[in-house]
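Colleague: Take the sequence shown: its position 201, counted from the start at 1, is 201 in UniProt numbering, and no numbers get skipped.
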Amino acid sequence: MIVLQVNQVHKSFGAEEILSGVKLEVQHRDRVALVGRNGAGKSTLLKIIAGEMSHDSGDIIMPKDLTIGYLEQQTNLESDATIWDEMMTIFHHFREQESKLRRLEAQMADPDIYNNPEENDKVMKEYDLLQHDFKDAGGYQYEADTRAILNGMKFYPEDYDKKVVSLSGGQKTRLMLAKHLLSKPQLLILDEPTNHLDIETLSWLENYLKNYPGALLIVSHDRYFLDQVVTLIYEVSRHRVKKYTGNYSRYLNEKAKQYELDQKQFEKQQGEKAKLEDYVQRNLARASTTKMAQSRRKTLQKTEWMEAPDGNEKSARFGFTIGKQSGNDVLNVQSLKIGYSSKPVSENISLKLYRQESMALVGPNGVGKSTLLKTIMKELKPLDGDIHYGTGIQFGYYDQEQANLKGNKLVLNELWDDYPLINEKDIRGILGRFLFTGDDVLKPVSTLSGGEKARVALAKLMMQKANVLLLDEPTNHLDLDSKEVLENALLDYPGTLLFVSHDRYFMNRIATKVIELTKDGTTEYLGDYDYYVEKKLEIAELKALDEAESMTEVKAPTATSTSQINKEAKKLERQLVRQSEEAEQVMEKLDQQIAEIEEQLCEPEIFQDHERVLPLQNQLESLKASHEETMAQWLELQEKIESI
Numbered sequence: 001m002i003v004l005q006v007n008q009v010h011k012s013f014g015a016e017e018i019l020s021g022v023k024l025e026v027q028h029r030d031r032v033a034l035v036g037r038n039g040a041g042k043s044t045l046l047k048i049i050a051g052e053m054s055h056d057s058g059d060i061i062m063p064k065d066l067t068i069g070y071l072e073q074q075t076n077l078e079s080d081a082t083i084w085d086e087m088m089t090i091f092h093h094f095r096e097q098e099s100k101l102r103r104l105e106a107q108m109a110d111p112d113i114y115n116n117p118e119e120n121d122k123v124m125k126e127y128d129l130l131q132h133d134f135k136d137a138g139g140y141q142y143e144a145d146t147r148a149i150l151n152g153m154k155f156y157p158e159d160y161d162k163k164v165v166s167l168s169g170g171q172k173t174r175l176m177l178a179k180h181l182l183s184k185p186q187l188l189i190l191d192e193p194t195n196h197l198d199i200e201t202l203s204w205l206e207n208y209l210k211n212y213p214g215a216l217l218i219v220s221h222d223r224y225f226l227d228q229v230v231t232l233i234y235e236v237s238r239h240r241v242k243k244y245t246g247n248y249s250r251y252l253n254e255k256a257k258q259y260e261l262d263q264k265q266f267e268k269q270q271g272e273k274a275k276l277e278d279y280v281q282r283n284l285a286r287a288s289t290t291k292m293a294q295s296r297r298k299t300l301q302k303t304e305w306m307e308a309p310d311g312n313e314k315s316a317r318f319g320f321t322i323g324k325q326s327g328n329d330v331l332n333v334q335s336l337k338i339g340y341s342s343k344p345v346s347e348n349i350s351l352k353l354y355r356q357e358s359m360a361l362v363g364p365n366g367v368g369k370s371t372l373l374k375t376i377m378k379e380l381k382p383l384d385g386d387i388h389y390g391t392g393i394q395f396g397y398y399d400q401e402q403a404n405l406k407g408n409k410l411v412l413n414e415l416w417d418d419y420p421l422i423n424e425k426d427i428r429g430i431l432g433r434f435l436f437t438g439d440d441v442l443k444p445v446s447t448l449s450g451g452e453k454a455r456v457a458l459a460k461l462m463m464q465k466a467n468v469l470l471l472d473e474p475t476n477h478l479d480l481d482s483k484e485v486l487e488n489a490l491l492d493y494p495g496t497l498l499f500v501s502h503d504r505y506f507m508n509r510i511a512t513k514v515i516e517l518t519k520d521g522t523t524e525y526l527g528d529y530d531y532y533v534e535k536k537l538e539i540a541e542l543k544a545l546d547e548a549e550s551m552t553e554v555k556a557p558t559a560t561s562t563s564q565i566n567k568e569a570k571k572l573e574r575q576l577v578r579q580s581e582e583a584e585q586v587m588e589k590l591d592q593q594i595a596e597i598e599e600q601l602c603e604p605e606i607f608q609d610h611e612r613v614l615p616l617q618n619q620l621e622s623l624k625a626s627h628e629e630t631m632a633q634w635l636e637l638q639e640k641i642e643s644i
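(1) Pick out the complete alpha helix (DSSP H) segments inside the stretch 162 to 211, 4 residues or longer, and give them in chain order.
(2) Given a cut-off of 8 Å on the beta-carbon distance, is the pair residue 415 and residue 463 in contact?
(3) Between residue 23 and the rest of its own chain, which residues show a CB-CB distance below 7 Å, the 5 nearest in sequence each way excluded?
(4) Can you check whether the CB of residue 502 is closer than 8 Å to the CB of residue 191?
(5) Three or more C-beta pairs under 8 Å: does that hold for the stretch 313 to 329 against the stretch 484 to 495?
(6) Spatial neighbours of residue 602 within its chain, please: C-beta separation below 6 Å, excluding the five flanking residues on both sides.
(7) Can you give me the Cβ contacts of residue 558 inside the same chain, cut-off strictly under 6 Å, excluding the 5 residues immediately before and after it?
(8) Go through its chain and collect everything with a Cβ distance to residue 224's Cβ below 6 Å, but skip five positions before and after it.
(9) If we count the other Cβ atoms within 10 Å of its Cβ and call it buried at 16 or more, is residue 176 buried or exposed?
(10) What does a CB cutoff of less than 7 Å around residue 10 pick up in its chain, not counting 5 residues either side in sequence?
(11) Which of the three DSSP states, helix, strand or coil, is assigned to residue 329?
(12) Distance check for residue 182 and residue 272, CA to CA, integer angstroms please.
(13) Apply the 10 Å Cβ neighbour rule to residue 112 and answer buried if 16 or more other Cβ atoms are within range, or exposed otherwise.
(14) Excluding five sequence neighbours on each side, which residues of the same chain lie with their C-beta closer than 8 Å to the C-beta of residue 560?
(15) Measure the CB-CB distance between residue 364 and residue 200 and report whether it falls below 8 Å.
(16) Taking the continuous beta strand (DSSP E) assigned at residue 432, which residues delimit it?
(17) Apart from the five residues on each side of it in sequence, which residues of its chain come closer than 8 Å, Cβ to Cβ, to residue 356?
(18) Which runs of the beta strand (DSSP E), 3 residues or longer, sit entirely within the stretch 310 to 386?
(19) Return the CA-CA distance between residue 632 and residue 380, expressed in angstroms with no decimal places.
(20) Three or more C-beta pairs under 8 Å: does that hold for the stretch 451 to 468 against the stretch 385 to 400?
(21) Only counting the same chain, and skipping five residues up and downstream in sequence, which positions put a Cβ closer than 8 Å to that of residue 429?
(22) DSSP puts residue 5 in a beta bridge; with which residues?
(23) Closest to residue 476 by C-alpha separation, out of 335, 449, 536, would be which residue?
(24) What whole-angstrom Cβ distance do residue 326 and residue 390 have, given they're in contact under 8 Å?
(25) Just the Cα atoms here: how many angstroms apart are residue 250 and residue 580?
(26) Using 8 Å as the threshold, is the stretch 109 to 125 in touch with the stretch 135 to 150, meaning 3 or more CB pairs across them?
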């Protein structure tokens with residue numbers, strides 16, 4: 001069932017065109033992502049679909065009874081209610097039904113009604129019918145569901161009586177997300193839902209959304225999240241939207257393949273066009289060949305020649321260098337206690353950082369990751385313990401709050417005031433590498449978006465030429481393309497990295513060591529994020545195995561059956577992985593066949609011949625249908641593999 005159709009939607013702000021001829025379709029239980037640069041129009045399109053913004057022309061078609069939930073990037077949740085009472089506003093209908101059930105129970109207990117068979121029978125029938133409807137609608141489990149979702153969003157029973165107005169911006173966003181998940185609209189629209197979530201909460205949200213009963217339309221810059229959740233990608237670029245099947249990683253591969261194919265087809269057509277133009281030019285004036293030349297000129301005029309494929313949009317270009325090399329020992333933290341005099345945050349912190357290492361700090365929100373970086377930078381005093389700094393250390397610090405940017409300064413002066421001996425042309429050149437060109441450098445910093453402020457902060461960091469970079473959530477506010485540029489710059493960086501991030505894709509590319517921070521200390525993992533997750537699971541499994549073995553004396557048969565179940569699960573997983581790989585091979589073959597036919601259809605001698613086009617078109621549609629069917633099978637296999 002189609003829950004949403006966007007047809008030829010246009011939107012402009014004044015003379016600036018944002019969206020042009022946008023087409024998009026969402027079916028029941030689709031998991032759809034909108035991807036594209038910051039400022040491409042993704043959030044604008046979501047607001048139009050959600051009815052929060054008008055559009056200039058085109059149609060938004062959806063069923064009349066469709067329920068929609070829309071989570072904006074910045075929520076305006078203002079309420080004097082407690083967290084629990086705010087969540088209960090979703091279930092006012094259940095509350096009313098509960099009140100009616102209690103009234104009916106009181107009537108049934110009333111002697112006057114109880115002793116009147118006719119009246120009593122009437123009340124009993126009404127009670128049975130209402131209780132049946134209440135049960136089927138989930139009336140007996142909505143409070144349990146509320147607790148489960150609040151727990152997933154890191155709101156615990158001791159938080160239930162807190163006033164919503166007392167919450168931070170991030171907490172309000174998480175609470176609003178919890179409300180939308182609990183209300184279960186048929187179309188759930190999420191604009192950057194992973195902001196303000198730690199890794200544990202992200203994992204919970206991914207698993208919840210995989211089984212969500214409705215359709216999802218998501219904007220997110222979290223590539224790991226997109227790979228786990230979505231099965232359809234719509235790319236918003238140059239005011240238009242293009243559809244890709246699969247998760248984010250598959251979208252990147254398909255986009256690269258399609259661009260290469262389009263470029264070859266374009267070059268081939270341009271060659272054919274040039275030959276026709278040359279023939280016309282050489283033969284039009286000759287009496288003997290003028291008719292043939294005129295015929296070819298008509299062909300040139302009537303043919304819809306392919307436009308040059310869109311290449312990559314302009315990207316930031318930057319890298320990090322160092323002024324001088326540091327010693328081999330960069331940091332040695334021993335038994336450190338951090339926080340504030342009135343409120344310690346974490347203790348027993350120990351870590352060692354060596355030259356050219358890349359260390360990621362992970363842990364739940366509130367455990368003190370940012371506090372640790374500030375303590376290392378000497379912005380906060382340690383409450384206890386020692387920090388030993390290596391020789392020749394020069395720190396560069398990226399603050400996720402971007403507190404070091406002055407709101408009343410111009411972008412140009414933000415850099416120039418720190419480096420007054422560099423001429424204006426060179427400062428402008430540096431800003432140009434971060435996509436600030438022309439009058440962009442004369443904008444006040446206070447008017448910049450989060451992504452633009454992040455690029456200014458990165459430009460300042462690049463100019464420091466520090467040999468140790470401390471980065472606090474460096475990928476926040478960056479679009480997918482800017483994240484990739486930053487990753488490549490950090491991979492080429494000859495210095496040392498210590499960073500905090502919730503971006504698991506980023507950690508996988510950058511980290512060579514992971515330090516897990518808890519309130520009681522640190523644990524070191526010598527690998528990237530996937531290695532860290534793998535070792536955590538291994539530790540949990542060993543712990544469970546130890547607990548099982550401790551019970552073998554009492555329940556020996558259970559241990560044997562558990563071992564057998566594990567063997568069967570691994571056998572099933574191997575079978576599913578093999579089937580998944582076979583499905584991928586089939587899809588690759590179908591992709592190749594589809595590409596070959598599309599290439600044939602672009603050849604002038606074929607696309608001008610209707611009798612030759614028709615069978616090729618039928619074959620193309622058949623291959624695409626087979627591809628979609630195989631893709632569905634592959635996605636089903638992936639879900640089964642993940643559930644083991």
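Heads up, the beta-carbon is just placed ideally off N, CA and C, and yes, glycines get one too.
Modeller: Once the coordinates are examined:
(1) If we require 4 residues or more, the alpha helix (DSSP H) runs fully inside the stretch 162 to 211 come out as 169 to 183, 199 to 210.
(2) Cβ distance < 8 Å, so residue 415 and residue 463 count as in contact.
(3) Answer for residue 23: 6, 7, 8, 241, listed in chain order.
(4) Here residue 191 is not near residue 502, since their CB atoms are 8 Å or more apart.
(5) Because the criterion of three Cβ pairs below 8 Å is met, the stretch 313 to 329 and the stretch 484 to 495 touch.
(6) 265, listed in sequence order.
(7) In this predicted model, residue 558 has a pLDDT of only 45, less than 50, meaning its place in the structure is not dependable; the value taken from the coordinates is given anyway. Same-chain partners within the cutoff: there are none.
(8) Take residue 224, set aside five residues on each side of it, and the residues of its chain with a beta-carbon closer than 6 Å to its own are 504, 505, in chain order.
(9) Classification for residue 176: buried.
(10) Excluding residues up to 5 positions away in sequence, 19, 20, 21, 55, 56, 57, 58 lie with their Cβ nearer than 7 Å to the Cβ of residue 10 in the same chain.
(11) DSSP places residue 329 in strand when its eight states are reduced to three.
(12) The alpha-carbon atoms of residue 272 and residue 182 are separated by roughly 59 Å.
(13) Looking at its Cβ environment, which holds fewer than 16 other Cβ atoms inside 10 Å, residue 112 is exposed.
(14) Residue confidence is low: residue 560 scores 46 on pLDDT, short of 50, so the model does not pin down where it sits. No coordinate-derived value is stated.
(15) Cβ distance < 8 Å, so residue 364 and residue 200 count as in contact.
(16) Annotation: residue 432 is outside any beta strand (DSSP E); the continuous alpha helix (DSSP H) that includes it extends over 424 to 433.
(17) Within the same chain, residue 356 has close Cβ partners 494, 495, 496.
(18) Segments of the beta strand (DSSP E) lying fully in the stretch 310 to 386: 329 to 340, 343 to 354, 358 to 362.
(19) The C-alpha of residue 380 is placed about 53 Å away from the C-alpha of residue 632.
(20) As far as the Cβ criterion goes, the stretch 451 to 468 touches the stretch 385 to 400, which means the pair count is three or higher.
(21) Nothing listed; no residue qualifies.
(22) The partner list for residue 5 (beta bridge, DSSP) reads 25, 61.
(23) Nearest of 335, 449, 536 to residue 476, Cα basis: 449.
(24) Between residue 390 and residue 326 the Cβ distance is about 6 Å, and since that is below 8 Å, they are a contact.
(25) Taking the straight line joining both Cα atoms gives about 14 Å.
(26) The stretch 109 to 125 makes no contact with the stretch 135 to 150, as fewer than three CB pairs between them are under 8 Å.
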